Amino acid sequence: MVVPNVASIRFTMVQLGKLSIKHVDQPWLWGSLTIGWMALIYKLSDMPAKDFDSTRNIVTWLPFANSLVHIGLFMVLSVFVLRTLVLSRLVSEPLTAYLTIFVALTYGILDEMHQSSIEGRASEAIDVVADIFGSVLIVIFWLLLKKFPSKTQKNGNQRS
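Here you go:
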């Protein structure tokens, strides 16, 4: 049995400790997460209805479960889109908010159009409404964070 060297473990932890927020504040990283999340949503939409049989009990037990899933998926998508736009600084802040919602709306509509072509699945307008609601929640949260900065942000560590 090989016993790890304590000094090397400590060095590794120090190296990990040096990772800061600036290492994850790269537009390409957030753009990649955006595309990956869109691919996940596409894959979920591409599943036939029979693959969701195991979740039917949850859907009937919890009203609006489908809408909650859409809200959650598009909240995450909107975080990724928002971070990509903020970090790339290609557009102004007000336009960033509108573009984030526009991307969610467009992808939500395309997702429903795609879903309508899948066996046993249907396209529903309420799903697009849920998608937009999730996106708007994130944009409002972001705007509130900008309006009421944390103590760290007030002390000169300004982050968007």
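Using the numbering used here, the final residue of the sequence shown is 158, and nothing's skipped along the way. Here a beta-carbon is modelled for each residue, glycine too, at the ideal position from N, C-alpha and C. No experiment lies behind these values; they were computed from the predicted model shown.
**Request:** Could you check what DSSP says for residue 119 in three-state terms: helix, strand or coil?
**Result:** Numbered from its first residue, the sequence shown carries residue 119 at position 121. DSSP places residue 119 in coil when its eight states are reduced to three.
Beta-carbon spacing of residue 73, residue 132 below 7 Å: Mapped onto the sequence shown, residue 73 falls at position 75. Mapped onto the sequence shown, residue 132 falls at position 134. When the beta-carbon positions are compared, residue 73 and residue 132 come within less than 7 Å of each other.
What does the Cβ neighbour count give for residue 110, buried or exposed, with the cut at 16 atoms within 10 Å? Walking along the sequence shown from the start, residue 110 turns up at place 112. Counting of Cβ neighbours within 10 angstroms places residue 110 among the buried residues, the total reaching 16 or more.
Beta-carbon proximity of residue 126 to residue 98, cut-off 7 Å: Within the sequence shown, the letter at position 128 stands for residue 126. Within the sequence shown, the letter at position 100 stands for residue 98. Result no, Cβ atoms of residue 126 and residue 98 do not sit closer than 7 Å.
May I have the straight-line CA-CA distance separating residue 88 from residue 24, to the nearest angstrom? Within the sequence shown, the letter at position 90 stands for residue 88. Within the sequence shown, the letter at position 26 stands for residue 24. Taking the straight line joining both Cα atoms gives about 13 Å.
When the Cα atoms are used, what is the spatial distance from residue 27 to residue 38? The residue labelled residue 27 in the question sits at position 29 within the sequence shown. The residue labelled residue 38 in the question sits at position 40 within the sequence shown. About 16 Å.
Minimum C-alpha distance to residue 135 - residue among 41, 22 and 66: For the purposes of this step, residue 135 is taken as residue 137 along the sequence shown, with counting starting at 1. The candidate whose alpha carbon is nearest that of residue 135 is 66.
message = Comparing C-alpha positions only, which one of 43, 81, 141 and 147 sits nearest to residue 71?
response = Here residue 71 corresponds to residue number 73 of the sequence shown, with the count starting at 1. Comparing C-alpha distances from residue 71 to each of 43, 81, 141 and 147 shows the shortest one belongs to 43.
**Item:** Nearest candidate by alpha-carbon position, reference residue 91, set 144, 128, 45 and 121
**Value:** Residue 91 sits at position 93 when you count from the first residue of the sequence shown. Taking each of 144, 128, 45 and 121 in turn and checking the Cα distance to residue 91, the smallest one comes out for 144.
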